[in-house]
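> In the working numbering, the protein residues as written are 48 to 336. Backbone N, C-alpha and C fix where the C-beta goes; we use that ideal spot for every residue, glycine too. Please read these numbers as outputs of a predicted model, since none were measured by experiment. One structure is given below, represented as structure tokens, and several questions about it will come after.
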């Protein structure tokens, strides 16, 4: 399914939203969304994606209206809880910019997640408030000779958005390698979509890693480590023509690159740490979603 995914909680999500809510980035003139106000979008349908994730399809105001979303960008979802307090979370669109009439969101339900609980309880016709979009990292075709991606769990969201955008671009020669880590095989998100990209574009090479792999698993086993990064990612001396993108839950980020600094407003990239620093990468070659 063509979908979108995200999982951001607590202070990180709040700080992230506050920083972008005052951003000068502008939505395209024909965008269904607005950066100055929340707009309501009705739920069209819901589909099961995995044992703990669902795809929520929301209708655009007009059936022939395109999304017109720049890569890589995200939007903010909002609802009011039982006490009338705003709950706001950012989500990364994966639907193509020319998708018309609706957009999909893939949501993983976490224990204690207010937004996830709210979305999972929605019925067809119920509405969600959306604001944005906010451009996080502009990526254009042939901007890089090689893009390395390291993702954990729902961190696959911006990676898929960027990969599909770059690979679909005409006359593009960028090579993309992806390390995608999960606990079990059933936890892998967008597996069909990633395999489709691999079969269509030889320049895209995904490598799946499971910490609890079945006996017949042919991919990586355990956790993402320095050896995997050394063998699959662009080397540190390619800072001029390559970039490494990282996204995942906080422990994953700390191990790979160090997390972003959410104490600043807007949140900054923070110091480069973890395996990437130990392997000699420079901060300018790494971007943390």
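Kindly indicate which three-state DSSP category residue 166 falls into: helix, strand or coil?
Residue state, collapsed to three classes: helix.
> Kindly indicate the opening and closing residues of the beta strand (DSSP E) around residue 100.
Start and end: 100-106.
> Under the three-state reduction of DSSP, which class applies to residue 91: helix, strand or coil?
Three-state result, residue 91: strand.
> Around the Cβ of residue 139, are there at least 16 other Cβ atoms within 10 angstroms (buried) or fewer (exposed)?
Result: buried.
> Do the region 214-234 and the region 315-322 touch if we need at least three Cβ pairs shorter than 8 Å?
Contact between the region 214-234 and the region 315-322 is absent, because fewer than three Cβ pairs lie under 8 Å.
> Using DSSP bridges, identify the partner residues of residue 214.
Per DSSP, none; premise fails for residue 214.
> For residue 181, which beta-bridge partners are listed by DSSP?
DSSP lists 121 as partners of residue 181.
> Check each candidate in 83, 182, 244 and name the one with the smallest Cα separation from residue 253.
Closest by alpha carbon: 244.
> For the beta strand (DSSP E) that contains residue 196, what are its first and last residues?
From DSSP, the beta strand (DSSP E) with residue 196 extends over 193-199.
> Quick check on this structure: which residue in 167, 211, 271 has the alpha carbon closest to the alpha carbon of residue 143?
Among 167, 211, 271, the Cα nearest to that of residue 143 belongs to 211.
> If contact is defined by three or more beta carbon pairs under 8 Å, each pair taking one atom from either stretch, is the region 186-200 in contact with the region 277-294?
Touching, per the Cβ criterion.
> Grouping DSSP H, G and I as helix and E and B as strand, with all else coil, what is residue 174?
The answer is strand: DSSP assigns residue 174 an E or B state.
> What is the rounded straight-line gap between the Cα of residue 137 and the Cα of residue 323?
Spanning the two alpha carbons is a distance of roughly 26 Å.
> State the DSSP-derived secondary structure class of residue 301, mapped to helix, strand or coil.
In this structure, residue 301 counts as helix in the three-state DSSP scheme.
> Spatial neighbours of residue 69 within its chain, please: C-beta separation below 8 Å, excluding the five flanking residues on both sides.
Confidence in residue 69 is poor, its pLDDT being 44 and thus under 50, which makes the residue's placement unreliable; the coordinate value appears in the next sentence. For residue 69, where only same-chain residues beyond five positions count, there are no Cβ hits under 8 Å.
> Pick out the complete beta strand (DSSP E) segments inside the region 228-280, 3 residues or longer, and give them in chain order.
Within the region 228-280, the complete beta strand (DSSP E) runs of at least 3 residues are 251-257.
> Candidates 190, 145, 116, 201: which alpha carbon is nearest residue 220's?
That would be 190, whose Cα lies nearest to the Cα of residue 220.
> Less than 7 Å between the C-beta atoms of residue 119 and residue 180, yes or no?
Not a contact, by the Cβ cut-off of 7 Å.
> May I ask you to report which of helix, strand or coil DSSP gives residue 137?
Strand at residue 137.
> Smallest Cα separation from residue 93: which of 82, 106, 83?
Among 82, 106, 83, the Cα nearest to that of residue 93 belongs to 106.
> For the alpha helix (DSSP H) holding residue 323, just list the boundary residues, first then last.
Where residue 323 is concerned, the enclosing alpha helix (DSSP H) stretches over 321-325.
> Name the DSSP beta bridge partners of residue 126, please?
DSSP lists 134 as partners of residue 126.
> For residue 308, which residues does DSSP report across the bridge?
Note: residue 308 sits in a beta bridge opposite 315.
> Specify, as a first and last residue, the run of the beta strand (DSSP E) that residue 150 falls within.
Taken as a continuous stretch (DSSP letters only), the beta strand (DSSP E) holding residue 150 covers 149-155.
> Return the Cβ separation of residue 149 and residue 104 in integer angstroms, given the expectation that the two are a contact with Cβ distance under 8 Å.
Contact flag correct, Cβ pair sits at about 5 Å.
> At what residues does the beta strand (DSSP E) containing residue 331 begin and finish?
Element bounds for residue 331: n/a, residue is neither H nor E.
> Alpha carbon to alpha carbon, what distance is there between residue 259 and residue 154?
Spanning the two alpha carbons is a distance of roughly 22 Å.
> Return the first residue and the last residue of the beta strand (DSSP E) that residue 114 is part of.
Here residue 114 belongs to no beta strand (DSSP E), and DSSP marks it neither H nor E.
> Residue 289 lies in the beta strand (DSSP E); which residues open and close that run?
289-294 is the extent of the beta strand (DSSP E) around residue 289.
> Excluding five sequence neighbours on each side, which residues of the same chain lie with their C-beta closer than 6 Å to the C-beta of residue 207?
Excluding sequence neighbours, residue 207 sits near 141, 237.
> Quick one: is residue 168 buried, meaning 16 or more other Cβ sit within 10 Å of its Cβ, or exposed?
Under this definition residue 168 is an exposed residue.
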